[in-house]
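Structure first, then comments.
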Amino acid sequence: MTKVKYPQKRNYRQRAHSNPLSDHSFEYPLTPEVMDWTKLYPRFKPENEVKFCDIGCGYGGLLVTLSPMFPDTYMVGFEIRVKVSDYVNDRFLALRQDNEVYHNAGVIRTNAMKYLPNFFRKGQLEKMFILYPDPHFKKCKHKWRIVSEGLLAEYAYVLKVGGLVYTVSDVKEVHDWMVEHFTNFPLFERYDPSAEDKAAQVLIGSTEEGKKVLRNKGQSWTAIFRRVEDPYQVN
Amino acid sequence: MSVLHFDKHTNSFLLGVAGNLYQLCENRAKLLVKCGEVPDPGEKGEPVKKGEKAPRAEGPAYITGVATCGGCVAVISNNKVVETFDGDFQRVASTVAIKRPTSVQVTDKNVVISDKAGDAYSYNTDLTDRKYLLGHVSVVMDMVLSPDLQFLVTCDRDEKIRISHFPNCYNIHSYLLGHQEYVLKVLLLSPNLLVSVGGDQKVILWDLGTRKPLQTLNSPQDDYITVSYTEPYLLACNTRHVTVYKLTDNTLAQTSQLVTDHDIVDIATSDAHVALLTREPKLELYQFSGGVLSGKIEVEGEIDLSQCKDSALPEKKKVVRTAGFAEYFERKRKRIEEENLKEESKQAHLKG
Ligand SMILES: C[S@@+](CC[C@H](N)C(=O)[O-])C[C@H]1O[C@@H](n2cnc3c(N)ncnc32)[C@H](O)[C@@H]1O
Chain D
9 MTKVKYPQKR
19 NYRQRAHSNP
29 LSDHSFEYPL
39 TPEVMDWTKL
49 YPRFKPENEV
59 KFCDIGCGYG
69 GLLVTLSPMF
79 PDTYMVGFEI
89 RVKVSDYVND
99 RFLALRQDNE
109 VYHNAGVIRT
119 NAMKYLPNFF
129 RKGQLEKMFI
139 LYPDPHFKKC
149 KHKWRIVSEG
159 LLAEYAYVLK
169 VGGLVYTVSD
179 VKEVHDWMVE
189 HFTNFPLFER
199 YDPSAEDKAA
209 QVLIGSTEEG
219 KKVLRNKGQS
229 WTAIFRRVED
239 PYQVN
Chain V
13 MSVLHFDKHT
23 NSFLLGVAGN
33 LYQLCENRAK
43 LLVKCGEVPD
53 PGEKGEPVKK
63 GEKAPRAEGP
73 AYITGVATCG
83 GCVAVISNNK
93 VVETFDGDFQ
103 RVASTVAIKR
113 PTSVQVTDKN
123 VVISDKAGDA
133 YSYNTDLTDR
143 KYLLGHVSVV
153 MDMVLSPDLQ
163 FLVTCDRDEK
173 IRISHFPNCY
183 NIHSYLLGHQ
193 EYVLKVLLLS
203 PNLLVSVGGD
213 QKVILWDLGT
223 RKPLQTLNSP
233 QDDYITVSYT
243 EPYLLACNTR
253 HVTVYKLTDN
263 TLAQTSQLVT
273 DHDIVDIATS
283 DAHVALLTRE
293 PKLELYQFSG
303 GVLSGKIEVE
313 GEIDLSQCKD
323 SALPEKKKVV
333 RTAGFAEYFE
343 RKRKRIEEEN
353 LKEESKQAHL
363 KG
């Protein structure tokens, strides 16, 4: 039997930031109904739906961890950098050859700031992950941040009521920014997960970025938010 | 962008050309008021947070949007000035918006503007108390408030039409997905029907219940510029055509077409007249009955269009193909091949 060849990160390097607001050409479905998920997951059945989305999944470490933990849940990573997403794709192809699991995880190269409603219907997702997002420190680049008042409306739209957003950052300023934006947003509230929340246990240390922080003995801050019903009342 | 507007309250057309707001009663045009003058700073300026700079007016002051509701008139100008007027066209308030405004809507309580940065804000009609409503990640090109004020529909330079609850716009009701280019204009025909104009040479009639297209008009000529509706007729404008459709049972059927001598900038309709703003000889007024534009009416009074430049129109969206993908995959294939060869020869060496 030949040994499965795993992708080597050195073949997939790309500069750290691409501008998420510029017009790249992305492939995306016109509507969620026309999306063919079987290209991503060969075992995907028409009655299946993707339920987890890792926003800016990087090299895919979180999905590799979550996939065997939630074998019946389809999960997708969105990654804007072509080489990085290509690496994750090859990584899952290799993992599937070696294991009976990993058929429920995949990656799409897309801009998560623009195309979420093209992939997911309203209230489709159960969990979203925003782990170690690019910090974009300069004030003029704040609009590149993956968490903003405008984008939270879109996250709330694709997430079902009761669904969760998990965030982690090793930059205190970014963590505070995310906490401030989510808690001020009427459709989210800060959430303290129960001990049974398996996903919450593996947030730190699963992803490549998280491992780097651990190696450097850095600190990571976690915050989880729950999608709530609109509190707005006509007066 | 809507610089030509039929105002039910005064039963007249309002027209913003360069910095001037005109009124067209019957066939007489008269200058109402000059717009776009920068308000005195500090007086009733934009409410500014601590540490933030007050927004500054920039560029020539030509009108880019006019909206009315009852006796309230709101006007936006290219230089970022937002103004409101009362039923006698006396100025109520003016302010400078944070970013260049792209469209305006007005109710008896609020003025809503969208802007180049993709955001929408609402103000009180005296233009105080600015509130953030929503944000797109590209320019909001047009918006419309539902007559019952329950929903705000916004469309953007990507392909999206977004329906948000109003005034709690953070709560997205739905998206209308179907255009494959920027969306220039949205128009509500009834509580259940919406029409959108796309840069993909399509006008789509949407069922707001199912959020699916009921019908798509494909331009036989060139890009659609705008549309206007006067029950039961939809008027769709290309560069030099006004095509009239009659709406029956959620279906549009063509009733007539008019070819214009000059490029169309904007259109507005009352139940008996159609006003057309064209590039060259100013303003054209037509009798409109039975779904046919007939009898061109001579407009009296001087309207100078020479200062109304193309710049009030959206640039065409450029689709940038990110070059080098194919190249990247080719390089990757080669590198992996080389690695495999090396590996094989190493293995062979070890065995041998
Ligand atoms: C600092 S990395 C963290 C990656 C991963 N979550 C981890 O923890 O290792 C942030 C990632 O988000 C991606 N990204 C940034 N903006 C994005 C966008 N608009 N859509 C999709 N991915 C994006 C970047 O390319 C990058 O790989």
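Residue numbers (the numbering used here), protein chains in the order written: chain D, 9 to 243; chain V, 13 to 364.
Note that beta-carbon positions come from the ideal geometry of N, C-alpha and C, so glycine has one too.
Because the structure is a prediction, the values reported are computed rather than measured.
Per DSSP, which one or two residues make a beta bridge with residue i?
{"i": "V:Tyr298", "result": "V:Val286, V:Lys308"}
{"i": "D:Met121", "result": "Beta-bridge pairing links D:Met121 to no other residue."}
{"i": "V:Pro113", "result": "V:Asp127"}
{"i": "D:Gln105", "result": "DSSP output for D:Gln105 lists no bridge partner at all."}
{"i": "V:Met155", "result": "V:Thr166"}
{"i": "V:Pro225", "result": "V:Trp218"}
{"i": "V:Arg5", "result": "One cannot answer for residue 5 of chain V here, as it falls past the ends of chain V, which runs 13 to 364."}
{"i": "V:Asp212", "result": "None; V:Asp212 has no bridge partner."}
{"i": "V:Tyr34", "result": "V:Leu27, V:Leu43"}
{"i": "V:Thr263", "result": "V:Thr260"}
{"i": "D:Gly114", "result": "D:Val84"}
{"i": "D:Trp229", "result": "D:Ser177"}
{"i": "V:Leu146", "result": "V:Ala132"}
{"i": "D:Cys148", "result": "None; D:Cys148 has no bridge partner."}
Pop quiz: residue i and residue j are said to be a contact at Cβ under 8 Å. What is the actual Cβ separation, rounded to whole angstroms?
{"i": "D:Ser156", "j": "D:Tyr110", "result": "D:Ser156 to D:Tyr110, Cβ: 33 Å. No contact."}
{"i": "V:Ile237", "j": "V:Ile276", "result": "5 Å"}
{"i": "D:Met83", "j": "D:Val58", "result": "7 Å"}
{"i": "D:Gly64", "j": "D:Ile116", "result": "Not quite, the Cβ-Cβ distance comes to about 12 Å (not below 8 Å), so this is no contact."}
{"i": "D:Leu172", "j": "D:Ile88", "result": "Not a contact, Cβ separation roughly 23 Å."}
{"i": "D:Leu160", "j": "D:Phe127", "result": "Actually they are not in contact, since the Cβ atoms of D:Leu160 and D:Phe127 sit about 18 Å apart, beyond 8 Å."}
{"i": "V:Cys47", "j": "V:Ser115", "result": "16 Å between Cβ atoms; not a contact."}
{"i": "V:Leu220", "j": "V:Asn204", "result": "5 Å"}
{"i": "V:Pro113", "j": "V:Gly77", "result": "7 Å"}
{"i": "V:Asp212", "j": "V:Glu193", "result": "4 Å"}
{"i": "V:Ile173", "j": "V:Val156", "result": "With 8 Å as the limit, V:Ile173 and V:Val156 do not qualify as a contact, their Cβ atoms being about 10 Å apart."}
{"i": "V:Pro67", "j": "V:Val124", "result": "At roughly 17 Å, the Cβ-Cβ gap does not stay under 8 Å, so V:Pro67 and V:Val124 are not in contact."}
Can you check which of these residues, the options, is closest to residue i by C-alpha distance?
{"i": "V:Cys81", "options": "V:Pro203, V:Ala280, V:Asp98, V:Asn180", "result": "V:Asp98"}
{"i": "V:Pro232", "options": "V:Cys47, V:Phe25, V:Val215", "result": "V:Val215"}
{"i": "V:Met153", "options": "V:Phe300, V:Gly307, V:Ser14, V:Ile348", "result": "V:Ser14"}
{"i": "V:Thr228", "options": "V:Arg252, V:His253, V:Ala79, V:Leu189", "result": "V:Leu189"}
{"i": "V:Leu161", "options": "V:Lys128, V:Ala132, V:Val118", "result": "V:Val118"}
{"i": "V:His191", "options": "D:Ile154, D:Asp44, D:Leu38, D:Thr81", "result": "D:Leu38"}
{"i": "D:Val96", "options": "D:Lys225, D:Gln227, D:Glu237, D:Thr215", "result": "D:Thr215"}
{"i": "D:Leu4", "options": "D:Asn107, D:Cys61, D:Asp200", "result": "Given that chain D is displayed from residue 9 to residue 243, the structure contains no residue 4 of chain D and the question cannot be resolved."}
{"i": "D:Phe100", "options": "D:Pro50, D:Glu35, D:Val169, D:Asp178", "result": "D:Pro50"}
{"i": "V:Asp235", "options": "V:Gly221, V:Asn250, V:Glu355", "result": "V:Asn250"}
{"i": "V:Glu38", "options": "V:Met155, V:Asp52, V:Gly313", "result": "V:Gly313"}
{"i": "V:Ser176", "options": "V:Glu193, V:Leu145, V:Leu205, V:Val151", "result": "V:Leu145"}
{"i": "D:Phe52", "options": "D:Gly85, D:Ala113, D:Pro15", "result": "D:Ala113"}
{"i": "D:Trp229", "options": "D:Glu181, D:Ser177, D:Gln241, D:Val242", "result": "D:Ser177"}
{"i": "V:Asp278", "options": "V:Thr137, V:Asn23, V:Leu305, V:Lys197", "result": "V:Lys197"}
{"i": "V:Ile184", "options": "D:Glu162, D:Trp185, D:Leu167", "result": "D:Glu162"}
{"i": "D:Glu35", "options": "D:Gly66, D:Asp184, D:Ala120", "result": "D:Ala120"}
{"i": "D:Tyr140", "options": "D:Tyr174, D:Lys168, D:Val169", "result": "D:Tyr174"}
{"i": "V:His17", "options": "V:Val286, V:Lys358, V:Leu43, V:Glu350", "result": "V:Val286"}
{"i": "V:Thr140", "options": "V:Thr96, V:Leu157, V:Asp170, V:Val151", "result": "V:Thr96"}
{"i": "V:Arg291", "options": "V:Tyr298, V:His274, V:Val304, V:Ser202", "result": "V:His274"}
{"i": "D:Gly170", "options": "D:Val236, D:Met186, D:Glu197", "result": "D:Val236"}
{"i": "V:Ala132", "options": "V:Trp218, V:Asn180, V:Lys42, V:Lys294", "result": "V:Asn180"}
Consider the C-beta atom of residue i and the heavy atoms of ligand 2; say whether any pair is separated by less than 7 Å.
{"i": "V:Gly77", "result": "As for ligand 2, it is missing from this structure, which binds only ligand 1."}
Can you list, in chain order, the residues of the segment 131–155 of chain V whose Cβ is nearer than 8 Å to any Cβ on chain D?
-> Those residues of the segment 131–155 of chain V that come within reach of chain D (Cβ to Cβ, closer than 8 Å) are Asp131, Tyr144, Leu146, Gly147, His148, Val149, Ser150.
Chain V contacts made by the segment 145–168 of chain D, where a contact means CB separation under 9 Å = If the cut-off is 9 Å between Cβ atoms, the segment 145–168 of chain D has Lys151, Ser156, Glu157, Gly158, Leu159, Leu160, Ala161, Glu162, Ala164, Tyr165 near chain V.
If contact means a Cβ-Cβ distance below 8 Å, which residues of the segment 178–193 of chain V contact chain D?
-> So the list reads Asn180, Cys181, Tyr182, Asn183, Ile184, Ser186, Tyr187, Leu189, Gly190, Gln192, given in the order they occur along the chain.
Give the residues from the segment 178–212 of chain D that approach chain V closer than 8 Å (Cβ to any Cβ), ordered along the chain.
-> Interface annotation for the segment 178–212 of chain D against chain V: Phe193, Pro194, Leu195, criterion Cβ-Cβ distance under 8 Å.
Output, in sequence order along the chain, the residues in the segment 35–46 of chain D whose CB is closer than 7 Å to any CB in chain V.
-> For the segment 35–46 of chain D, the beta-carbon criterion of a distance under 7 Å to any beta-carbon of chain V is satisfied by Leu38, Thr39.
Interface positions of the segment 110–125 of chain D facing chain V (Cβ-Cβ less than 8 Å), listed along the chain = Flagged, chain order: Met121, Lys122, Pro125.
Quick one: which residues of the segment 134–145 of chain D get their C-beta closer than 9 Å to a C-beta of chain V? List them in chain order.
-> Under the 9 Å Cβ criterion, the segment 134–145 of chain D contributes no residue.
Interface positions of the segment 80–92 of chain D facing chain V (Cβ-Cβ less than 7 Å), listed along the chain | When CB distances to chain V are screened at a threshold of 7 Å, the residues of the segment 80–92 of chain D falling below it are Val90, Lys91, in chain order.
Compile a chain-ordered list of the residues in the segment 42–54 of chain V whose CB is closer than 7 Å to at least one CB of chain D.
-> Per Cβ criterion, the list is empty.
Could you run through the segment 223–241 of chain D and flag, in chain order, every residue whose CB is less than 8 Å away from some CB of chain V?
-> Contacts with chain V (Cβ-Cβ distance below 8 Å) from the segment 223–241 of chain D involve Asp238, Tyr240, listed in chain order.
Closer than 7 Å, Cβ to Cβ, to anything on chain D: give me those residues from the segment 344–359 of chain V, in chain order.
-> Under the 7 Å Cβ criterion, the segment 344–359 of chain V contributes Lys344, Arg347, Ile348.
Within 7 Å of chain D by C-beta, residues of the segment 163–175 of chain V in sequence order | So the list reads Asp170, given in the order they occur along the chain.
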